[in-house]
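Peer 1:
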Amino acid sequence: MNHTLTKEYLLLFNALTDTEETLRQLREDLIAVQRQAEELFLSDTPQDGEIEAETP
223 MNHTLTKEYL
233 LLFNALTDTE
243 ETLRQLREDL
253 IAVQRQAEEL
263 FLSDTPQDGE
273 IEAETP
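Numbered per our numbering, the sequence shown spans residues 223 to 278.
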């Protein structure tokens with residue numbers, strides 16, 4: 223039994239696998255940025271007993 227893949231199928235398969243990898247990388251990037259944003263937020267939050275000065 224000969225299972226020859228058509229050029230069209232290979233083109234679509236490769237495009238899908240490339241897109242899947244791009245999405246995986248974007249997800250990792252977004253998670254990293256979210257962590258950085260959370261760390262910035264927590265580092266800028268006044269500690270217990272501290273009052274943040276208002277700027278005019």
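C-beta: ideal position from N, C-alpha, C; glycine also.
What three-state label does DSSP hand L232 in the structure shown?
Peer 2: helix
Peer 1: Does the beta-carbon distance from F235 to L227 come in below 9 Å?
Peer 2: yes
Peer 1: According to DSSP, is T267 helix, strand or coil?
Peer 2: In the structure shown, T267 sits in coil (DSSP, three-state: anything other than H, G, I, E or B).
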